[in-house]
Structure formats: C-alpha cells, structure tokens
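Enquirer: Numbering (this note's numbering), first residue to last: 80 to 257.
Glycine included, C-beta positions come from ideal geometry on N, C-alpha and C.
One structure is given below, represented as structure tokens, and several questions about it will come after.
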Amino acid sequence: MELRVKQDLKAHLDQKVLQAQQEKQEKRYSTIMKMYDIRNVPLMGPPGPPGPPGPSGLPGTKGEVGLPGPPGLDGEKGPRGKAGEPGPIGPPGPEGPRGEGGVMGFPGPKGDKGDMGPSGSPGLDGPTGEKGAAGPPGPIGLPGSMGQKGEPGEKGEKSEMVYGPPGPPGPAGPVGPM
Numbered sequence: 080m081e082l083r084v085k086q087d088l089k090a091h092l093d094q095k096v097l098q099a100q101q102e103k104q105e106k107r108y109s110t111i112m113k114m115y116d117i118r119n120v121p122l123m124g125p126p127g128p129p130g131p132p133g134p135s136g137l138p139g140t141k142g143e144v145g146l147p148g149p150p151g152l153d154g155e156k157g158p159r160g161k162a163g164e165p166g167p168i169g170p171p172g173p174e175g176p177r178g179e180g181g182v183m184g185f186p187g188p189k190g191d192k193g194d195m196g197p198s199g200s201p202g203l204d205g206p207t208g209e210k211g212a213a214g215p216p217g218p219i220g221l222p223g224s225m226g227q228k229g230e231p232g233e234k235g236e237k238s239e240m241v242y243g244p245p246g247p248p249g250p251a252g253p254v255g256p257m
C-alpha cells in the first residue's frame, strides 16, 4: 500500500516539474518577443525547438506534506476486549406505576394520646332558661339614713273628744323641810 502511495506521489511531482518547465519556457519566449517589439528590431523567424535538458540542479528544500491519501480498507474484526470497570451508580429512575392493592393487615396498636389542640371559637348563645325559684331572704341590712322632711299633709277632720278612765294615783312626794 505504501509503495503505491509513493509511486502516485512521484508521478504527481514529475507532472508538476514538467508543467513548471513549460511555463518557464513560455515566459522566456514571451519576454524575448517583448524585447524585440520594444526595440523595433525585425524578427528573423520563429524560435527553434527547445534545447536538451540542462545539468541537474542542487537538491531542493523539503516539500510540504502532500494531500491525504484515500481511506484504507477495513481490517478484520478483532476479538472482543475485556470488560471495563463498572461505572458510577446512576441517578434513581422514575417512579413506576402503582401496584395492585395488597391483603388488608391486622389493626395496629392504639397510638399515644395527642397534644391538646388550640381553643375553638366561642359557641352560639343558647335559648334563655326558665326563671329560677326565689332564694332565701338575705340578712337584715343596716338602718338607712334619715329621709328628707315631707310636704305638710292636708288638714284632717275635726274629731270628738273622747276621755278615757282616770288613771291610778301617783307616788308620794318627797318629805318637806322641818
């Protein structure tokens, strides 16, 4: 394969060298024709055939990398390699569909008593109850302050005088001076 690539490259380079030599001769001929035309010297005839090749020149500088060659043929499939190290654990997958319901279990133990909840709002007023029985009398209070003098009343009717029976005799008086 390498030999063919080298041969193709050599043929390509040889073609380029010939093309460059032809261009050089044409340029030289054109320059000569212009020189005669500029000086107005009549031409004697057309130029002759090209001369024999000159001596070999000095080796040139290293050329640039050539064009890439055509892709190579695919080789035979090799044996399977060893398994690599396991990779890191990936993220969990999406949640799957819900499964069928299971058999109902036994009731669990009674839980602890919960905390007391917050106080509720006051309730609605209930209906008015029946009047209760009279209670026992309270203790006698202190005498009140004297009231204001009242207005004089109307004059009453004249009554008859009624005398009662005479009273008992009074006690004896003190003994006088002697």
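(1) Output needed for P126: all residues of its chain with C-beta closer than 7 Å, excluding positions within five of it in sequence on either side, in chain order.
(2) Can you grab the Cα-Cα spacing for the pair S198 / E209, in whole Å?
(3) How big is the Cα-Cα spacing for Y242 and P231?
(4) Consult DSSP for E81 and reduce its assignment to one of helix, strand or coil.
(5) In the structure shown, what three-state DSSP assignment does L88 receive?
(6) I need the straight-line Cα distance from K106 to V96, nearest angstrom please.
(7) Rounded to whole angstroms, what's the CA-CA distance from D191 to G180? Just pull it up for me.
(8) Roughly how many whole angstroms lie between the Cα atoms of G139 and E164?
(9) When you compare the CB positions of G142 and D87, do they come within less than 9 Å of one another, or not?
(10) Taking the C-alpha atoms as reference points, what is the distance between G145 and G133?
(11) Counting only the same chain and skipping the five closest in sequence on each side, list residues whose C-beta sits under 7 Å from that of P150.
Expert: On the basis of the data shown:
(1) The answer, listed in chain order, is Y108.
(2) CA-to-CA, the gap between S198 and E209 works out to about 30 Å.
(3) Between the alpha carbons of Y242 and P231 lies a gap of roughly 28 Å.
(4) The three-state secondary structure of E81, taken from DSSP, is helix.
(5) For L88, the three-state secondary structure derived from DSSP is helix.
(6) So the two alpha carbons sit approximately 15 Å from each other.
(7) Distance from the CA of D191 to the CA of G180, rounded to the nearest whole angstrom, comes to 28 Å.
(8) The alpha-carbon atoms of G139 and E164 are separated by roughly 54 Å.
(9) No, Cβ-Cβ distance for G142 and D87 is not below 9 Å.
(10) Each residue's Cα considered, the two are about 28 Å apart.
(11) Within the same chain, P150 has no close Cβ partners at all.
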